[in-house]
Amino acid sequence: METDLSRGVCPVCGKNATLKCGNCKREFYCGKSHQSRDWPRHKSTCCAWRIDRDPDLGRHLLAIRDLAPGDVVLSEPPLVWGPSIHTTNQRLCVGCGKRCDDFNVRCGKCCWPVCKSNCEGLSDKRRHELECALLARARIIPRCEVLLVIRMLILWRTKSKRWTSLANLQSHEDSRRPGTEAHDEVLGIIQHLGPLLTMASDCMDVLPKICGLIDVNALETVPPEGSVAIYETASLLEHSCMANTRHSFHVDDKGRPRITVYAVTSIKKGEHLSTMYTHALWSTRARREHLLATKLTVLLHPGHQHCISVSHSLIQLLPASDPRKLDLCKRIMDTVNRLDPYGARLALYTAVVLRELAVCPGEDRQVHLTRAASLLKMEPPNSPGEKLLRLIEMELGGS
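full-length UniProt numbering puts the sequence shown at residues 1 to 399.
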């Protein structure tokens, strides 16, 4: 296979080459300069995926070429990353993300944990310098899981391009309403960030979205151990219990956990790229509960009892000219015909639907009313069913 080759021909100069493209593993170059020169041509074929949109799936990834096991699907740095919730014997450096061996070593300005007092990340604007000034001014007590929230707040306040990319990801804010566990989580974050929110009260409104983005999209990284990160493209991999990709992390030259996604089986052009959001050995129940809490939404089938019950009331309120009335009547009849095709238990219920269906444009009024009347023949005297029967017989007599 191509992925097993260790040398090729440089497309720029035609000489033998051993420098392989780190992304697609398909193109070879004699040196970095020729690789850079060829990028305008190669970038259109280097990428292994494209973003597609679907009413049910939303945004997802499709393979744009055939992939063999071991092929790199994508590799990207995180949009944002930070420490996750740790045990008491683990702390990560706010400058570089490495584990802190000495818990007593702190940043001289904000007093958050660092690996060493002269860590390079402490004075780097792309890492800790901006947040350090904010943490020091607000005097926020160090708590690992709020640092990622603070970093995302900074991206939001500075109108960073990375925030624009983050905002395009799913956050399920509608499931973080009062009374939910997720809402309580937001309240806990608000309480801990009190001094910061006093300085910037407008941040309060975006916190539910930020917490949702973390819950839905953040991946645990190893290395660095004990961190979570959000990725722009990898977050679009859809869930499958039989995923066709796997991923790994490595710390890049800027101290970020870079993700690389590989194919684990042969993937044909046009196939969906997937990963597994849950633990492979979880039970079906545990897996579904996790997916519901982090990725999915509860929806009711059109034939669900609640939908049918509401629809049955609506058809009696909607005018015949409203096309929704006809659609709802047919939907109810489809369910009723499956559950009680002979009218043994739902005679009155079905007769009401048939009578409403009879007044809809394009429907055979005589046929629907006649069937409704036949269903009500056995109704006892003075019952609601018997009264409806008399009404239908009057309507048949006048037609």
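All C-beta atoms in this analysis are idealised placements derived from N, C-alpha and C, irrespective of residue type, glycine included. Quick caveat, the model's predicted, so the values are computed rather than measured.
Along the chain, which unbroken stretches of the alpha helix (DSSP H) at least 4 residues long are found entirely within the region 333-399?
DSSP runs (the alpha helix (DSSP H)) wholly in the region 333-399: 347-358, 365-375 and 384-397.
Identified DSSP bridge partners for Asn16:
Paired residue(s): Val9.
Tell whether a beta-carbon distance below 7 Å holds between Ser227 and Thr221.
In this structure, Ser227 lies near Thr221, with their beta-carbon atoms less than 7 Å apart.
Among Phe103, Asp215 and Lys268, whose alpha-carbon lies nearest the alpha-carbon of Ala68?
That would be Lys268, whose Cα lies nearest to the Cα of Ala68.
Asp101 versus Gly108 - alpha carbon distance:
Rounded to whole angstroms, Asp101 to Gly108 spans 17 Å at the Cα level.
Considering Pro208, what are the terminal residues of the beta strand (DSSP E) in which it resides?
No beta strand (DSSP E) contains Pro208, which is instead part of the alpha helix (DSSP H) from Leu207 to Asn217.
Are Pro83 and Leu166 touching if we call contact CB-CB under 7 Å?
With a cutoff of 7 Å on beta-carbon distance, Pro83 and Leu166 are scored as not near each other.
Count the other CB atoms within 10 Å of the CB of Thr164; is the residue buried (16 or more) or exposed (fewer)?
With fewer than 16 Cβ atoms within 10 Å of its Cβ, Thr164 is classed as exposed.
Whether Val367 touches Thr350 by CB criterion (7 Å):
The answer is no: Cβ separation not under 7 Å.
Confirm, please, whether the CB-CB distance from Gly385 to Glu379 is below 7 Å.
The Cβ-Cβ distance between Glu379 and Gly385 falls below 7 Å.
Inter-stretch contact at 8 Å, needing at least 3 Cβ pairs: the region 59-73 / the region 243-263:
Yes, the region 59-73 touches the region 243-263.
Kindly indicate which three-state DSSP category Leu92 falls into: helix, strand or coil?
Of the three classes helix, strand and coil, the one that applies to Leu92 here is strand, per DSSP.
So, under 8 Å CB-CB, Leu79 and Tyr231 are touching, yes? Tell me the CB distance rounded to an integer number of Å.
Under the criterion of beta carbons closer than 8 Å, Leu79 and Tyr231 qualify as touching, at roughly 7 Å.
Going by DSSP, what residue range makes up the beta strand (DSSP E) through Ile51?
Note, Ile51: beta strand (DSSP E), Trp49 to Asp54.
Roughly how many angstroms separate the alpha carbons of Gly31 and Arg37, rounded to a whole number?
Approximately 10 Å between the Cα atoms of the pair.
Here's a check: name, in chain order, each residue in its chain whose Cβ is nearer than 6 Å to the Cβ of Leu357, leaving out the five neighbours to either side.
Result list for Leu357: Cys329, Glu363 and His368, in chain order.
How would you call His301, buried or exposed, if buried means at least 16 neighbouring beta carbons within 10 angstroms?
Burial state of His301 is exposed, judged by a 10 Å Cβ sphere holding fewer than 16 other Cβ atoms.
If we define contact as Cβ-Cβ less than 7 Å, is Ser160 a contact residue for chain B?
Here there is only one protein chain, and chain B is not present.
Distance CB(Glu271)-CB(Ala63) smaller than 7 Å
For Glu271 and Ala63, yes; Cβs fall inside 7 Å.
When DSSP labels each residue in this structure, what does Ile140 get in the three-state scheme?
Here Ile140 sits in coil by DSSP.
What are the boundary residues of the alpha helix (DSSP H) that His247 is part of?
Run containing His247: none in the alpha helix (DSSP H); it sits in the beta strand (DSSP E), Thr245 to Val251.
Would you be able to state if there are at least three C-beta pairs under 8 Å between the region 118-130 and the region 167-178?
Counting Cβ pairs under 8 Å, fewer than three are found: no touch.
Going by DSSP in three states, Ile154 sits in which element: helix, strand or coil?
In the three-state scheme derived from DSSP, where H, G and I count as helix and E and B as strand, Ile154 is classed as helix.
Leu317: first and last residue of the uninterrupted alpha helix (DSSP H) it sits in:
Per DSSP, Leu317 belongs to no alpha helix (DSSP H) and is neither H nor E.
Quick check on the DSSP output: what are the complete alpha helix (DSSP H) runs of length 4 or more inside the region 151-202, in order along the chain?
Those alpha helix (DSSP H) runs which fall completely within the region 151-202 and span 4+ residues are 161-167, 181-192 and 194-199.
Leaving aside the five residues before and after Met276 along the sequence, list all residues of the same chain whose C-beta is less than 6 Å from its C-beta, in chain order.
Short of 6 Å from the beta carbon of Met276, and not among the five residues preceding or following it, lie these beta carbons of its own chain, in chain order: Ala243.
Taking all protein chains shown into account, do 16 or more other C-beta atoms lie within 10 angstroms of the C-beta of Val298, making it buried, or fewer, making it exposed?
Label assigned to Val298: exposed.
Can you look up Ile230 in the DSSP assignment and give me helix, strand or coil?
Per DSSP, reduced to three states, the secondary structure at Ile230 is strand.
On the criterion of 16 or more Cβ atoms from any shown chain inside 10 Å, does Ile141 qualify as buried, or is it exposed?
Exposed, by the Cβ-count rule.
I think residue 401 touches Val251, with their Cβ atoms under 8 Å apart; what is that distance to the nearest whole Å?
There is no way to answer for residue 401, as the model of the chain reaches only from 1 to 399.
Quick one, which of Lys43, Cys211 and Leu388 has its alpha-carbon nearest His169's?
It is worth fixing the name first, because residue 169 is Leu in this sequence and not His. Ranking the options by Cα distance to Leu169, first place goes to Cys211.
May I ask you to list the residues that DSSP assigns as paired with Val146?
According to DSSP, Val146 bridges with nothing at all.
DSSP three-state label for Ser274, please.
The three-state reading of DSSP puts Ser274 in strand, counting E and B together.
Which residue comes first and which comes last in the alpha helix (DSSP H) that contains His290?
Judged by DSSP secondary structure, His290 falls within the alpha helix (DSSP H) whose first and last residues are Thr284 to Thr294.
By DSSP's criteria, Ile259 is part of a beta bridge. Which residues make up the other side?
According to DSSP, Ile259 bridges with Glu76 and Phe249.
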